[in-house]
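Visitor: Attaching a single structure in structure tokens format; questions to follow.
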């Protein structure tokens, strides 16, 4: 039987398999992330320098920012505000067009029904265990080291269905 959630020291519900990734792929991932953070900062640098200068700070200006020629004026800030307004306006227009195009249209198709037997067979668990998990409000699915489903623990079952409330009698008078 599985142990309750509060008896574990770490969060065993999160699958973390970093140890399965080769070192060179982890290093490559970190380097790509670092490169994109540098690009992100590079793109924001003119605005940050302009804001600092307008705030009265004496900030050394990189040569490529100085080459823009707008650092000492409000033109760069106006350009950023204009770009943000244009992008925001384009997104709002796109949303309005899609609301108009798809108003009253159900774009989602019917999902084909799959028997519980087929789902249980595909997951490699007993049909009764799958049914128990589907009838629960909260359940924990435990996986084996190779990723296959090991067990389903019901933490909180669904409440029983409410009895139908009879209609009140019609008001007279």
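Residue numbers (the numbering used here): 52 to 224.
Just so it is clear, CB atoms sit at the ideal spot from N, CA and C, and this is done for glycine as well.
#1: Is the distance from the Cβ of residue 168 to the Cβ of residue 178 below 9 Å?
#2: Taking the straight line between their C-alpha atoms, what separation do you get for residue 201 and residue 164?
#3: For a test of the three-state rule: what should DSSP assign to residue 99, helix, strand or coil?
#4: Please classify residue 209: does DSSP put it in a helix, a strand, or coil?
#5: Buried or exposed for residue 79, going by 16 or more other Cβ atoms inside 10 Å?
#6: Between which residues of its own chain and residue 74 is the CB-CB distance below 6 Å, once the five residues before and five after are set aside?
#7: If I follow the unbroken beta strand (DSSP E) through residue 166, where does it start and stop?
#8: Give every residue of the same chain whose Cβ lies closer than 7 Å to the Cβ of residue 170, excluding the five residues on either side of it in the sequence, and list them in chain order.
#9: Rounded to whole angstroms, what is the Cα-Cα separation between residue 155 and residue 141?
#10: Leaving out the 5 sequence neighbours to the left and right, which residues in its chain are closer than 7 Å to residue 197 when beta-carbon positions are compared?
#11: Given 8 Å as the limit, is there contact between the region 145-162 and the region 129-136, that is, 3 or more CB pairs closer than that?
#12: Can you find the residues in the same chain that come closer than 7 Å, C-beta to C-beta, to residue 175, ignoring five residues on each side of it along the sequence?
Guide: Judging by the given coordinates:
#1: Working through the chain shown from its first residue, we reach residue 168 at position 117. Working through the chain shown from its first residue, we reach residue 178 at position 127. Yes, these two residues count as a Cβ contact at 9 Å.
#2: Numbered from 1 along the chain shown, position 150 holds the residue referred to as residue 201. Numbered from 1 along the chain shown, position 113 holds the residue referred to as residue 164. The straight-line gap from Cα to Cα measures roughly 24 Å.
#3: Looking up residue 99 in the chain shown gives position 48. Three-state result, residue 99: helix.
#4: Locating residue 209 in the chain shown gives position 158, where the first residue counts as 1. In this structure, DSSP gives residue 209 a state outside helix and strand, which the three-state scheme calls coil.
#5: Locating residue 79 in the chain shown gives position 28, where the first residue counts as 1. Counting Cβ neighbours within 10 Å, residue 79 comes out exposed, since fewer than 16 surround it.
#6: If you number the chain shown from 1, residue 74 lands on position 23. Once the five neighbours on either side are set aside, residue 74 has no close Cβ partner at all.
#7: Position 115 of the chain shown, counted from the start, is the residue given in the question as residue 166. Looking at the DSSP string, residue 166 is not in any beta strand (DSSP E), and its letter there is neither H nor E.
#8: Taking the chain shown and counting its residues from 1, one reaches residue 170 at position 119. Answer for residue 170: 181, listed in chain order.
#9: Numbered from 1 along the chain shown, position 104 holds the residue referred to as residue 155. Numbered from 1 along the chain shown, position 90 holds the residue referred to as residue 141. So the alpha carbons of these two residues sit roughly 23 Å apart.
#10: Residue numbering aside, residue 197 sits at position 146 when the chain shown is read from its first letter. Correct list: empty, nothing qualifies.
#11: no
#12: The sequence position of residue 175 within the chain shown is 124, counting from 1. For residue 175, where only same-chain residues beyond five positions count, the Cβ hits under 7 Å are 199, 200.
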